[in-house]
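The structure under discussion appears below in the form of structure tokens.
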């Protein structure tokens, strides 16, 4: 069975990645929904690819027969378009932060603007399949997770679930991301000459992705320290997570814990002891790679997790959710 | 007054940086001491720079009138050459790890080989001027600090000195370095195609620079978690340090603590609250830049410190030590 | 129908790209042929991919039922293995320079060693399908073209074929390549710190790829100036070609000339006037993108061609040749 | 004797480089002239450098005693400010393209706007000291050369002067520049994710720097083909120049030609035969490095020239001109 899926925001980096993935997807035809003018890249091929295009509207959902619409748009645009697309009968997968937090108050606190769709916020399913798979197939609206929280929660929650962490000592997540995470809109902060040969921290202790980590991991804000940092590269997120444990007996036991939890997960890969994930290993894949170290004598543990921020951290996970929402095999088009 | 100083290992990255600095130094003439053949870069200018050259020997110390010799060599070469140069009457500043740790046992544990000069190890002064300035002028042999420990200790020790840290909760140091820190010898790990667009962790919880941090900061190994990571750039180290405090009242108080401690230090610069160091800010300088964040409600603190690993982390600090050893103004040739 | 194809040299960059492509190929199963020990990357996943492996031998051709063997090896290894694999009944596609030049003398002149398989050299078909497609299906041994010559000949030969170039004025090809073209063996020239932030020319007027360009384009050495240059990036080749014409009437006519020549070619894409290829446009694809400019008043023309050196310049073109050799659709696994 | 010099546009890349150079200059004190608001970099040090600041006005020239004003501004701002600063008694060195071309018509053709100061255009001296040194000391207004023309003319004019080039065959200049040449204003074309791992041609056969090359080299437009290309790095220009000669007898003779012409030039360095310039060699210096190849049998020649576009291509050359204009040693502050 074939489906059509609309993409709004296809000129941004996440949107372009959605197109890349869906063009090769055996069961889904992408349709580019034009929302606003954008200068594009300026290069023009003589025979450009013949993808379907339509305006970004409810009429397009009906006329193009869109089973789903993927919103690779800023939160304010997502809040505007999600009800229109839902009303027209499409499922909606939103890649912005608009529908990820549990309450309008929390949204307003972290995103500095009022939430205009509180009913949809209450209805939305959080789309981290490894921990929320059961709600996704029946949801009308799926909030695709943030890039940093995806790598963080996949590393942290297995530890919290089994009580392996000494929460009183706190958990540290030192996160590093490639520049595409900041989007395609030109700014001084993402200009080539400012980023190349550079590395810098931002949103230290107050990044808006923190509440997403807390919601899923079960940690309390007082227990969790998070710093975001900008790498001089295009794509990839690596997070180094530090914790203390009074219960773990060895690094092997720590690795075993992940192995059990993720035995059936197609997109989680574990590194053998002594080996750690890097960004080359996950680039252009939907994998989250995890590696661990543990010092038995002192109870200090480190977990390293890596994803491609545009794939498992955005477009790939959105297609994973799309597959679940449409009843397709979860890995279709993603391996 | 003018001095001559020899440089062994001048084709490596630290050695080349020493030449760069000393050629502009108003009181010191560099002399290149040839120790072993090295292919060089292959480019040949018609009129190369006319630096003095001599063999790497005690005779050269005497014939060239070298007041000091800087060893930008691997530890085993430093252990071989240091006694020869000292014997010939030169002061020695060693940029390797050979003379940094306090005991031969500790050296053997971390560097996986026996220390061949235990008497010199006992004699060596540790050359971190901000904390060990008094011993340096009279020392014959100065162990120039490691790059990671320099950035770590300058950030951590002021907190330990005043008891601002809740040591039971542990301190985390997440460290990132440019590739020049690995030296100039070709290897797969530092090949362009392996490093570009990549980021990876190594020596997780067991880096040989850890004991240097402990020696200077006063922390215990059980309190300190350290991860080294490789950035896809040439030069620069940034370390993000996480701690908890029961005594600090605010971020301003935390910043004030550094301001007092470093008021008279020429090479430490502080960022205003809300601003953080980056690698561009310290590239090709001998500065260590420090910025802080603190969440009063929960007692979580973050300190970010940045240096150029080849300057404050190697050659620049070596010249700072050289200035102290020769009775020159500490900042000469470095601002 | 399914085929098995062996890959020798699968730890090099071209070999790894072959694996990447063949794993997704619908009709071909890759088999890794182990020729020599190689340290690999050092990272170890818990559940590595279960690709078939076998020794690099004629027995493996028979026991694994290999229809073809792809040699991603240095020329001297290719000369050693090609006769063994052919003897065992496999077709051979060689990615090295061993079988590209027409005579042993020419090989010796440019590769500085005697050719050990002159009979095979005489037999080999040159695998640039856009110009040599007819001989490839029936050939036992196919010499996969060099990366620079592929981009050069696809741009130049259409001009030579129709006599559009004023050959007396000479043709210039200024070529730039990413670092993966130099292979995976560590060397100072391809070390990260030497390449990043750098750009340099090499083999000026005497690159060993020049005779391949001449053989295919029909130009004479005296007419053709070529410089190779190293870009600080992983993959991609862009060549800027300058010529003079007394016959062309406009840029549109120049573009039309390519459009006619390549109308049926699946892997050549043309840019509209005013737009030019870049490396992002061809990265990880088997396309060669071409754009043109022409100044009618003075007869000066420029053609820009871009490929991914590891795909159309190596592994992708090898699979294109493999498809032709096995009677599969030429584009299978490559779009 | 000490002078004060004003800098307008000090937040741009060329302006920042001017500050860097002048802060270390033994005879010149820089004064930052504030022309327009600019967001700056956002980082704030606790004790920022105490450079003098003043508004960008004629009054500031008088009150600050500015012997000269350096305009690191767009051409339209330079045309606005140059007469004001000249009127107030300062010499003006303009880093924009406003005063480089010889006639208002030529300016209008290439810069697509009317020239508002034709009298000043007629008066301006072109500031390429190696070829125009005599006029600079007495000029009120100096047009600092463009970055591409600096590297091109230093390589080409010595050949034209002695008639070494077969001009009928044409000269090709294939030019590559780092991203800082495009200025600091954010744009999609200079965004990190668009530039990294990429390489692209622009302004093929119609770059506005072409007429500057023709004016100085003496070539005719019909003889000269020029392509500009964007390198994925911060700073540096390398140009590869192709020509044919009927008079040169060898590569050694070609190199000798440059050696004679530039024997007394402090900022031109030649490479031995077989060695070629690269960008590392000239980064953060005011040097132009030149290397050559020549094939005697066919008369084909190649010259490679490299500069730092922000130093010899902008700020360094401006200070070289400033030294000449103020009667200081030409190399002061630049070696």
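Chains as they are written, first to last, in my numbering: chain A, 1 to 335; chain B, 1001 to 1335; chain C, 2001 to 2335; chain D, 3001 to 3335. Glycine is no exception: its CB is placed at the ideal position from the N, C-alpha and C atoms.
- Interface flag for residue 3074 (chain D) against chain A is unset, since no Cβ pair is found closer than 7 Å.
- Assigned with DSSP and collapsed to three states, residue 291 (chain A) falls in strand.
- Distance check between residue 1278 (chain B) and each of B:1172, B:1027, B:1309 and B:1077 places B:1309 closest, using alpha-carbon atoms only.
- Taking a cut-off of 8 Å for Cβ pairs, the segment 2068 to 2080 of chain C and the segment 2109 to 2123 of chain C touch, as three or more such pairs fall below it.
- Taking the Cα positions, residue 2190 (chain C) is about 14 Å away from residue 1180 (chain B).
- Put simply, the CB of residue 2272 (chain C) is near chain A, with a gap under 7 Å to one of its CB atoms.
- Looking at the DSSP output, residue 173 (chain A) shares a beta bridge with A:226 and A:241.
- In this model, residue 84 (chain A) and residue 105 (chain A) are separated by some 23 Å (Cα to Cα).
- Around residue 2198 (chain C), the beta-carbon contacts reaching into chain D at under 7 Å are 3278, 3279 and 3280.
- With respect to residue 2222 (chain C), residue 2153 (chain C) sits apart: the two C-beta atoms are not nearer than 7 Å.
- Using beta-carbon distances, residue 2227 (chain C) does not count as an interface residue toward chain A, since no partner is under 7 Å.
- Checking the DSSP bridge columns, you'll see residue 2126 (chain C) partnered with C:2143.
- Per DSSP, residue 34 (chain A) lies in no alpha helix (DSSP H); the unbroken beta strand (DSSP E) holding it starts and ends at 28 to 34.
- Boundaries around residue 303 (chain A) are those of the beta strand (DSSP E), 300 to 307, since no alpha helix (DSSP H) includes it.
- In this structure, B:1227 is the residue among B:1069, B:1220 and B:1227 with its C-alpha nearest to the C-alpha of residue 1207 (chain B).
- Boundaries around residue 3213 (chain D) are those of the alpha helix (DSSP H), 3210 to 3217, since no beta strand (DSSP E) includes it.
- A residue is called buried once 16 or more other Cβ atoms fall within 10 Å of its Cβ, and residue 2176 (chain C) is buried on that count.
- Under the three-state reduction of DSSP, residue 1059 (chain B) is assigned to helix.
- Secondary structure within the segment 41 to 116 of chain A: the alpha helix (DSSP H) runs of 4 or more consecutive residues, fully enclosed, are 58 to 63, 75 to 87 and 104 to 111 (chain order).
- In the same chain as residue 24 (chain A), and ignoring 5 residues on each side of it, the C-beta atoms closer than 7 Å to its own belong to 333, in chain order.
- Note on residue 1049 (chain B): under 16 other CB atoms within 10 angstroms of its CB, so exposed under the neighbour-count rule.
- Among the residues facing chain B, residue 3045 (chain D) is included, as its CB has a counterpart in that chain under 7 Å away.
- Under the DSSP definition of a beta bridge, residue 3006 (chain D) partners with D:3031 and D:3069.
- Excluding sequence positions up to five before and after residue 3067 (chain D), its CB lies within less than 8 Å of the CB of 3003, 3004, 3005, 3090, 3091 and 3326, all in the same chain and listed in chain order.
- Per DSSP, the unbroken beta strand (DSSP E) holding residue 1201 (chain B) starts and ends at 1200 to 1202.
- Relative to residue 2298 (chain C), the option among C:2249, C:2276 and C:2290 whose CA is nearest is C:2249.
- Sequence-distant partners of residue 1051 (chain B) (beyond 5 residues in either direction) whose C-beta falls short of 6 Å from its own C-beta, in its chain, are 1032.
- Under the three-state reduction of DSSP, residue 3296 (chain D) is assigned to coil, being neither helix nor strand.
- Going by DSSP, residue 19 (chain A) is part of the alpha helix (DSSP H) stretching over 13 to 23.
- Assignment of residue 235 (chain A) by DSSP, reduced to helix, strand and coil, places it in the coil class.
- Rounded to the nearest whole angstrom, the CA to CA distance from residue 3280 (chain D) to residue 156 (chain A) is 44 Å.
- A straight-line Cα-Cα distance of about 5 Å links residue 1304 (chain B) and residue 1291 (chain B).
- In the three-state DSSP reduction, residue 278 (chain A) falls in the strand class (E or B).
- In this chain, the beta strand (DSSP E) harbouring residue 269 (chain A) covers 268 to 270.
- Within the segment 1018 to 1031 of chain B, no residue has a Cβ lying closer than 7 Å to any Cβ of chain D.
- Straight-line spacing of the CA atoms in residue 3172 (chain D) and residue 2186 (chain C) works out to 35 Å.
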